[in-house]
Amino acid sequence: MDLRTRYLGLTLRSPLVASAGPLTSTVGGIARLAAAGAGAVVLPSLFEEQLRAEAERDAGLAEAYADSHGEALTYLPDPGAEPWPHRYLGLISRAVAETDIPVIASLNGVSAGGWTDYAAAIEQAGASAIELNIYYLPGDPLIPARDAERRYTDILTTVKAVVSVPVAVKLSPYFSSPGEMAVVLDHAGADGLVMFNRFLQTDIDPETFTVSAGFRLSAPAEAALPRAWISRVRGLVRCSLAASTGVETAADVAAYLLAGADVVMTTSALLRHGPEHARALLDGLREWMERKGFTALGEVRGLLARSAGGGPAYGRAGYLSAIEQATHAYAGR
Amino acid sequence: MKVIDGNEAAVSAAYRLNEVCCIYPITPSSPMAELADEWSAAGRRNVWGSVPAVVEMQSEGGAAGALHGALQSGALTTTFTASQGLLLMIPNMYKIAGELTPATFHVAARALAAQGLSIFGDHSDVMAVRSTGFALLASSSPQEAHDLAAVAQAASLATRVPFVHFFDGFRTSHELNEVSLLSDEDLRCLVSADLVREHRSRALSPDRPFIRGTAQNPDVYFQGRETVNPFYARVPEAVQAAMDSLGSRAGRRYRLASYHGHPEAERVIVVMGSGAVTAAETAAYLAGRGERVGVVQVRLYRPFPVPAFLAALPSTARRVAVLDRTKEPGSPGEPLFLDVVAALADGVSAGSREAMPLVTGGRYGLGSKEFTPGMVAGIFAELAAERPRPRFTIGINDDVSGLSLPYDPSLDIEPPGTVRAVFYGLGSDGTVGANKNSIKIIGASGRHAQGYFVYDSRKSGSETVSHLRFGPSPVKAPYLIGRGQAGFVGVHQEKLIWRPEVLGRAAPGAAVLLNTARRPGEVWASLPRPAQAAIVDKKLSLWAVDATGIARAAGLGGRVNTVLQTCFFAVSGVLPREAAIAAIKDSIAKTYGRRGPDVVARNNAAVDAALAGLHEVPVPDQVTSALEVPPPVPDDAPEFVRTVTAAMLAGRGDELPVSALPPDGTYPSGTTRYEKRNISDLVAAWDPDLCIQCGNCSFVCPHSVIRSTFYPAGLLAGAPEGFASAPLDARGLPDTRFTLQVYGEDCTGCGLCVEACPVPAPADPSRKAINLEPASPRKTRRDVAFFETLPAVDRARVDFGTVRGTQFLQPLFEFSGACAGCGETPYLKLLSQLFGDRLMVANATGCSSIYGGNLPTTPWARSAAGQGPAWSNSLFEDNAEFGLGFRLAADQHLRLARERLAELRPVAGEDLADAILRAPQRRESEYAAQRARVAALKERLLALPEPPASVRDLLSVADHLVRRSVWIVGGDGWAYDIGSGGLDHVLASGRDVNVLVLDTEVYSNTGGQASKATPLGAVAKFAAAGKRVPKKDLALQAIAYGNVYVARVAMGADPQQTLRALREAEAYDGPSLVIAYSHCIAHGIEKDGVTLRNGMDQQYRAVASGYWPLMRYDPLLRSAGENPFLLDSPRPRIPLAEYMQAELRFRVLARTDPAAAERLAGLAREEVAQRWATYEEMAARGAERFPAAAPASPATLASPATPASPAAPASPAKGSN
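From first to last, the protein sequence lines are chains A and B. The numbering of the first sequence is the numbering used here, which starts it at 1 and goes up by one. The numbering of the second sequence is the numbering used here, which starts it at 1 and goes up by one.
This is the structure in structure tokens:
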């Protein structure tokens, strides 16, 4: 069974990509994922903002009580604090050295210099590709939509100008017209689109009056949104498409592939069941393909995409049909 | 030319000329060892191409031993030390010299602990090693410290005589000045590789075996000792040769003994070290005015170069004053004086000198006492007297022995054109750092520069004074900028202008820069009268800037350094303004660049805003202020505090005469209470409505500023308006009020109390029952004064077993100068609350001895009844033994008291005597009862008309009838390293001593060097590449004895367990060891930008992650047939990484060496898991698998006269009243 696929111009041995998460943050975790058959790994995002804040905080800590007491002019060795991602770059180079699958780095910058400098350093460290995690929370909630969109293309073109490895963009689904956004990014030179970023909203605890950054593993039901958009974008863009969110079983993988994804990314399932779950997913995919008579992944990919005539369910008719079903199911309650 | 300090100058040469460095931290030499360690970790090579190995030992004694071994094995080996550290090396120094082993020790010379410890500079330490056979070579400046470090090494290899190369601690070791560094090539020329190979050829080697280190008998030892003479005879010549060789390469020429001054001087001073620079400059100044005076600067002191000295001393000299920076009580004179007299006598008797001049000997500069041109002139003046005093001191007022010479402190010999600036700031505001930076900027502009910094003896709220000089010629002035001499005075904190000494340093016409938030028109009126008077009288110009506001607006927090540095350049004109601003911005880019563009941008913004916000304040021609400076201590303070302590607090300690000081180092207890420092703008404030009276806040308060009491409601009648109270939350006490009083003037604003408070406000989660709020000293003073009139809670009514109960016990350790949020002091406070009235503390040198015993004011206090902890510090290495001595004396005197009392039963009253002799003493109520009985006994005995000797004997030891609580307190540097042998022995003694280890996991006091308590993976000084081996398990070591009570505690994780462990340890009649997790500034922790604020949370994480398992080992349980090992914390429930990632000491490595960090983190996880498994297994064992507990304290057993003593309660923690 040939599970190979192409993503960002790279040939992957399987379509299952372990996306950013705790498992991809250590060389050991990456090695286990590779051993379990993952086609590629995406490292957790390098957050420029966090890096800067850490450097500043650590420099401040190293300075605490400096030059205050004659016996101790400092209390810690110089941390060499600088907003430079030694640890991250080290992870890339060691992961590249110790595995034979593509290592994709993920970058979240805040300044133009941050995007380009870090992107160049990431390429230098040996990453096979860069995923731009443009997780953009404007200080001004009233920023015009076009400006917010332009930011994506600006960052993409800036980074493309300084690196030669492929560059993917991870999108959020919250554009007025996500399909058009995908096409715009494709034209701007994106080598791939990752659909979608899960916008991690905040939680509020009414008992303690605390607001916290919410975090939940994704659930299969959440796959419907990215799957719908992938099936629509498939065929409209030249670049690769990666599906992300809501993968739990081999059937979820198969569904994404049928919708038109080149690769299927998962973090939640691997965290829930361990990195070895990648093998179970792939075995399940293989079993399904055998059962359905496929011999290579290319036969599956995009089979039910909109452009391939994925059926009336994708159109307005599908919408009406869904309403009818709901009415039928819940009528009279 | 580089602007560096003397330490860096010396180690720059020493590191490059050695293969092995055996190190141990001690002030003021530590920076040499730190740099060597950093360079080695970074792979810097020596001049022969290898990276020196740097190894930290457990003590200086250990360093000397390792060094001796490395030398004997052929490696070029060095060490860096000072003071007591050098003394610990003495035994090995005799060996190293006796074996003719070339080596050079670099010593930042420092005073020795005598009537008190001093970290400051003099020659007491090096003079104590003059008989070891080491050559002694003295440097007088940072440049010399560099050059002579190399000269010493060259001469040592050439002659095989080992050298101590020394320079004045702080004055030279910490002075920033220009140093021209020798290149590697220079060093290779100076120190020939052939000599290095010869050294190796003499090494022990199995390939050509011989024995060195024999034991010798009366037949040959003496002759053997005399074999070395020719080697010593060659030393002076070899040193001069090395100096000449350096001179020809570098152009700096040195002599063994140099002469400076009038060519036909009649009066001459002989002196070593930095004092020689002051003396020489003054002599040149006076000679220029026609005085026939001069100075002989001795550089080579051992072997004393008699011919060179005689040659240096002009034949015209008739009067010679020899100055020693040491004291040798009882000697006919100090060492250099005696040597000079002997040399002159030799010269005269050998005919090389015509007549014996009159030679006087004087002491100067002990413990970094200033040595100024005025003093030099005073000595020359004395030499001109008809009959100069044969022995004298200079620089102090000795009204006891009358030895001190008068002098004119205002003599100013510095060349015109020298810009002198002093800056008063806080340790936390970046003043010193900015000044170091300014020196570099100005140095780079081609002007000569010097900087010296005076630090506070406290850590929290510490004040700093920076002394900067800039001039057209090299600055040779190793003394502070004196009164009336500064052309610029920077007052970086508004409150400092209230100190009279600040403007006292201003020269007439000087510029004063004041950081104040007041509007330009209001500045003048805000000044106290003395400050206005100084400004008007000396016609000072006054500049003001709201540096604090500008820094805050720029996002720099309390770091006012950039703003004030900019204003200094703008006002002083030391450089053209535009050039200066460009240089500052350039330096900001360099200094802050690596912290990211935001920080650079903020600092640059601060520079621009500084210029915009700087303005000159119009000065009227007369004083208008009615604001007087309050006295440093209240009028009702004891006399000693009002006179002596107050003078020290006011910065006038130098003026105190000898008679004012106690001759034996005895000072009154509890003087911090008289010094209201008001160091924090935000202080703890209590919300009585929310408070549940749990006591957590006062339990964790490191500065004992949170006090609680309860009292009948009626007492509130006289309370000042707004005095806070709440109904006491306790059953059975109606009409009783509770007050939690914050001593706001002593609060450091650390916020530990807020973090510890379990009660958030219902509608405002940002508030708790205790919060940090703006300080209001006036209200605080009024409330505290009333609070102190409330009756203290009767100790017998307090539940000692609960955290809630302990808040009602008066702390007898209060308001120390420890860091804000210190992790050690809450334990000491608790100790003082629980056992304070019968507590004896032996305190190892370290942070706890500094905040516990550093003058001017000290925190160990006394109760209203006059009792309180007896505290002393012996040394660093011997603390366990010192404390054991307390126990031995107490046991001995208890036995004596009991024997006498038994004999005197008829006199004392049989009932009373028996009651005393049979009294149980484990519970607070029992102590109170016994104390009352002893008081009654003493009263009875004192009333006897003619008491026999036995009665007087009993009276002299009767206090011991109340059981004493002996605590041996120290940090991990002491317990795990330097004092480990003694601690082990004392634990093995079986005696009833209690050991409290305040484990910060580094040498905190000297700046965070690694100890054997430092955890795996942490970065510390001396472990710059991350600690590679796990922390020693001191608890398991002690448990191995079987009869030692052992506990590991962390009050932030479980205060109740801490309390229980301390009480059990104290009650156990045998040795006890309590290891207390103490968060520390050296861990690099913060919350909301406040350092240490999350200290207690970190303690919780340390325990919750399994890193710091709480446990107790109670031998009494073993005696009762139970498992004595109690694991007090639940299984790890958070990942170790969550604990480690919160601390910079663990994060640093991930930045610098991610692979190593990941590997070490993995090892650390394994280690924690393994240890947890071991503990869990131990906690589940049967009692029979532990050693049968040895009998209790031998003292108890060995008291034949002891009547049946009550058995200790099986579980002393249960119930106490």
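Even for Gly, the Cβ is constructed at its ideal location relative to N, Cα and C. Quantities reported herein were computed from a predicted structural model and do not represent experimental measurements.
- In this structure the region 1140 to 1160 of chain B lies against the region 73 to 83 of chain A, because at least three pairs of beta carbons, one per stretch, are closer than 8 Å.
- Chain B places a beta carbon closer than 8 Å to that of threonine 208 of chain A, counting this residue as a contact.
- Shown in chain order are the members of the region 56 to 68 of chain A whose Cβ falls below 9 Å from a Cβ of chain B: Glu56, Arg57, Asp58, Ala59, Gly60, Leu61, Ala62, Glu63, Ala64, Tyr65, Ala66, Asp67 and Ser68.
- In terms of beta-carbon proximity, glutamate 98 of chain A stays away from the interface with chain B, with every pair separated by 8 Å or more.
- Closer than 8 Å to the CB of glycine 126 of chain A there is not a single CB belonging to chain B.
- Put simply, the backbone Cα of serine 1072 of chain B is about 7 Å away from that of glutamate 1066 of chain B.
- In the DSSP annotation of this structure, serine 14 of chain A is not part of any alpha helix (DSSP H), being labelled neither H nor E.
- Residue contact with chain B for alanine 72 of chain A: present (Cβ-Cβ distance below 8 Å to some residue of chain B).
- Put simply, the CB of histidine 273 of chain A is far from chain B, with every gap to its CB atoms at 8 Å or more.
- C-alpha of asparagine 18 of chain B to C-alpha of glycine 866 of chain B: approximately 57 Å in a straight line.
- Nearest to arginine 518 of chain B by alpha-carbon distance, out of B/Phe470, B/Arg677 and B/Glu494, is B/Glu494.
- Contact annotation: in the region 1079 to 1090 of chain B, residues whose CB is within less than 9 Å of a CB in chain A are Cys1080, Ile1081, Ala1082, His1083, Gly1084, Ile1085, Glu1086 and Gly1089.
- Runs of alpha helix (DSSP H) with 4 or more residues, each lying fully within the region 179 to 243 of chain A, are found at 224 to 233, listed in chain order.
- Scanning its chain for C-beta atoms nearer than 6 Å, with the 5 sequence neighbours on each side dropped, one finds around leucine 812 of chain B the residues Ser832, Gly836, Ala861, Gly868 and Pro869, in chain order.
- With its beta carbon less than 8 Å from one in chain B, arginine 94 of chain A belongs to the interface.
- Any Cβ of chain A closer than 8 Å to the Cβ of serine 428 of chain B would place that residue at the interface, and such an atom is present.
- At least one CB atom of chain B sits nearer than 8 Å to the CB of leucine 76 of chain A.
- Residues of chain A with a Cβ closer than 9 Å to the Cβ of threonine 1006 of chain B are, in chain order, Glu71 and Ala72.
- Less than 8 Å divides the Cβ of alanine 756 of chain B from the Cβ of cysteine 697 of chain B.
- By the neighbour-count criterion, in which 16 or more other beta carbons inside 10 Å mark a residue as buried, valine 1029 of chain B falls on the exposed side.
- Residue pairing for valine 422 of chain B: DSSP places it in a beta bridge opposite B/His467 and B/Val489.
- Under the three-pair Cβ rule at 8 Å, the region 555 to 565 of chain B counts as touching the region 422 to 435 of chain B.
- Classified as buried, leucine 983 of chain B has 16 or more neighbouring CB atoms from the shown chains inside 10 Å of its CB.
- Chain-order list of chain A residues neighbouring arginine 595 of chain B: Arg52, Ala55, Glu56, Asp58, Ala59, Gly60, Ala81, Glu82 and Pro83, by C-beta distance under 9 Å.
- Annotation for glutamine 240 of chain B: Arg255, Leu256 and Ala308 place their beta carbon closer than 8 Å to its own, counting only its chain and skipping 5 residues before and after.
- In terms of beta-carbon proximity, leucine 1144 of chain B lines the interface with chain A, with at least one pair separated by less than 8 Å.
- Residues are counted here when their Cβ sits less than 7 Å from a Cβ of chain A; for the region 430 to 445 of chain B these are Val432 and Gly433, given in chain order.
- For lysine 2 of chain B, the enclosing beta strand (DSSP E) covers residues 2 to 5.
- Around the C-beta of glutamine 216 of chain B, fewer than 16 other C-beta atoms lie within 10 Å, and the residue is accordingly described as exposed.
- When only Cα atoms are considered, leucine 740 of chain B and arginine 797 of chain B end up about 18 Å apart.
- Shown here, tyrosine 135 of chain A sits in coil according to DSSP, grouped into three states, outside any helix or strand.
- Here the C-alpha atom of cysteine 847 of chain B lies approximately 31 Å from the C-alpha atom of glutamate 82 of chain A.
- Using a Cβ-Cβ cut-off of 8 Å, histidine 277 of chain A does not count as an interface residue toward chain B, since no Cβ of chain B sits closer than that to its own.
- For leucine 358 of chain B, the closest of B/Gly351, B/Ser368, B/Ala421 and B/Ala342 by C-alpha to C-alpha distance is B/Ala342.
- Phenylalanine 453 of chain B sits in a strand when the DSSP states are folded into three classes.
- By the neighbour-count definition (other C-beta atoms within 10 Å, threshold 16), isoleucine 30 of chain A is a buried residue.
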